[in-house]
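Working notes for the structure below.
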Ligand SMILES: [Mg+2]
């Protein structure tokens with residue numbers, strides 16, 4: 064179904080459209096287009112200088128156009144005269160190969176050619192901070208174990224309720240909200256959906272949460288580890304694969320090989336196991352995308368937090384319903400990848416899951432031995448499971464070495480991503496820190 068955006072504007076009283084795209088660093092960029100101009104923009108797209116965003120372009124490149132995908136349009140619940148619409152980046156009539164939404168669309172097509180349709184849900188944890196971002200917004204939120212804190216969640220009821228009400232209005236099927244495991248941290252869950260729809264919703268959720276927080280005088284952050292010593296912002300992904308997209312999906316092919324009840328270990332079908340095998344095989348490399356910032360590596364491989372657990376993995380292991388591993392199989396027909404964090408690009412996160420999973424299906428990858436142990440307490444007993452990268456540079460090197468994953472994600476994407484991320488690492492590495500003075504001044 065193609066939505067005519069000009070008609071949508073007339074029906075809903077929209078005055079402006081934000082034609083939005085997401086760059087390689089996860090930055091969301093938009094032009095505000097008056098409704099009077101939307102019909103032309105729907106055809107031709109809104110023009111951008113690609114060099115001005117993180118897309119590895121030059122100032123000499125021609126205009127990049129973000130062509131709105133009308134199926135993604137959302138009227139802003141907090142500013143109803145404005146609508147947001149995700150754009151697909153195009154240059155000189157061709158899709159921009161490294162633009163994240165295009166990278167994901169290619170993965171979805173590749174999976175569909177094999178009759179596989181990935182559905183995912185994401186758990187985008189966030190903190191509410193003061194506007195300066197230097198402390199949590201609620202000075203009374205100090206419990207050692209603040210998870211599910213009923214008093215603290217109600218002190219931020221105005222923010223949480225407003226966001227949840229909007230998700231209800233948008234028909235996302237939100238079903239629970241809580242105070243998370245760090246002081247100042249929250250999580251809000253909505254229903255899983257097709258990978259592209261989840262990526263669009265995930266992008267919009269970040270935009271909406273930041274906007275509502277600002278309205279209430281706070282600052283929302285999805286930064287992986289915004290407060291030293293406290294649990295970080297994860298972005299766990301729940302993954303299943305179906306026989307058809309959208310409403311047409313009838314059979315969860317992760318749950319069953321024969322169209323009957325769940326089969327296989329922990330209720331994961333052969334295909335499900337191979338898909339998981341691909342994630343396990345490529346884990347160290349895909350961390351460059353699921354955990355894309357310098358700060359990401361303060362969340363994984365972290366020492367014990369004030370609450371007693373980091374809830375983040377440090378080793379490439381999987382298990383049943385146990386939250387101390389990188390992958391948890393909580394029930395038949397799906398698994399949870401607990402690696403990704405709040406800095407993960409919503410489109411690249413989904414794309415790399417599909418790319419790694421499909422590679423596992425092709426090679427009939429084995430996810431390896433399952434460890435049903437408490438990894439935080441007994442992880443030292445595991446022999447031979449790879450450690451996750453210790454920092455962003457290790458992750459980038461692991462990605463660069465993984466020729467299969469690089470090619471599956473697309474050579475143009477992979478080289479643009481690696482180039483910009485290596486520049487970012489170089490910038491970090493040349494930064495002088497207090498730690499160096501504290502530890503080296505008197506050497
Ligand atoms: Mg959580």
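Residue numbers (the numbering used here): 64 to 506.
C-beta: ideal position from N, C-alpha, C; glycine also.
What did DSSP end up calling residue i once you bin it into helix, strand or coil?
i: residue 238; result: strand
i: residue 388; result: coil
i: residue 358; result: helix
i: residue 410; result: helix
i: residue 472; result: helix
i: residue 116; result: coil
i: residue 349; result: helix
i: residue 210; result: coil
i: residue 519; result: What the structure shows of the chain is the stretch from 64 to 506, and residue 519 is not part of that stretch, so it cannot be assessed.
i: residue 339; result: helix
i: residue 436; result: coil
i: residue 441; result: helix
i: residue 88; result: coil
i: residue 138; result: strand
i: residue 157; result: strand
i: residue 111; result: strand
i: residue 425; result: helix
i: residue 285; result: coil
i: residue 478; result: helix
i: residue 399; result: strand
i: residue 295; result: coil
i: residue 186; result: strand
i: residue 415; result: helix
i: residue 83; result: strand
i: residue 393; result: strand
i: residue 124; result: coil
Among the options, whose alpha-carbon lies nearest the alpha-carbon of residue i?
i: residue 439; options: 342, 378, 292 and 395; result: 378
i: residue 210; options: 241, 365 and 308; result: 241
i: residue 284; options: 396, 358 and 311; result: 358
i: residue 464; options: 364, 348, 374 and 482; result: 348
i: residue 259; options: 302, 272 and 278; result: 302
i: residue 181; options: 204, 374, 148 and 262; result: 262
i: residue 178; options: 73, 312 and 354; result: 312
i: residue 75; options: 67, 277, 144 and 403; result: 144
i: residue 189; options: 369, 472 and 252; result: 252
i: residue 376; options: 79, 298 and 234; result: 298
i: residue 101; options: 232, 146 and 140; result: 146
i: residue 410; options: 167, 403 and 276; result: 167
i: residue 183; options: 370, 87, 97 and 399; result: 399
i: residue 108; options: 114, 119, 117 and 93; result: 93
i: residue 315; options: 243, 345, 106 and 257; result: 257
i: residue 81; options: 172, 142, 116 and 354; result: 142
i: residue 280; options: 500, 199, 437 and 443; result: 199
i: residue 137; options: 208, 233 and 113; result: 233
i: residue 218; options: 165, 203 and 231; result: 203
i: residue 245; options: 502, 114 and 371; result: 371
i: residue 419; options: 339, 408 and 434; result: 339
i: residue 119; options: 162, 196, 98 and 104; result: 162
i: residue 492; options: 356, 286 and 158; result: 356
i: residue 124; options: 113, 435, 447 and 474; result: 113
i: residue 421; options: 193, 320 and 173; result: 173
i: residue 89; options: 117, 160 and 105; result: 117
Is any heavy atom of ligand 1 found at a distance shorter than 8 Å from the C-beta of residue i?
i: residue 186; result: yes
i: residue 244; result: yes
i: residue 253; result: no
i: residue 297; result: yes
i: residue 250; result: yes
i: residue 374; result: yes
Between which two residues does the beta strand (DSSP E) holding residue i run?
i: residue 248; result: 248–253
i: residue 150; result: 145–154
i: residue 94; result: 91–97
i: residue 301; result: 298–305
i: residue 130; result: 127–131
i: residue 375; result: Here residue 375 belongs to no beta strand (DSSP E), and DSSP marks it neither H nor E.
i: residue 219; result: Segment: none, residue 219 is in no beta strand (DSSP E) and carries neither H nor E.
For the alpha helix (DSSP H) containing residue i, list its first residue and its last residue.
i: residue 68; result: 68–75
i: residue 327; result: Where residue 327 is concerned, there is no enclosing alpha helix (DSSP H), given that its DSSP letter is neither H nor E.
i: residue 199; result: Run containing residue 199: none; DSSP gives neither H nor E here.
i: residue 313; result: That residue, residue 313, is in no alpha helix (DSSP H); it is neither H nor E in DSSP.
i: residue 190; result: Counting along the chain, residue 190 falls outside any alpha helix (DSSP H), though it belongs to the beta strand (DSSP E) covering 189–192.
i: residue 259; result: 258–278
i: residue 460; result: 455–464
i: residue 500; result: 497–503
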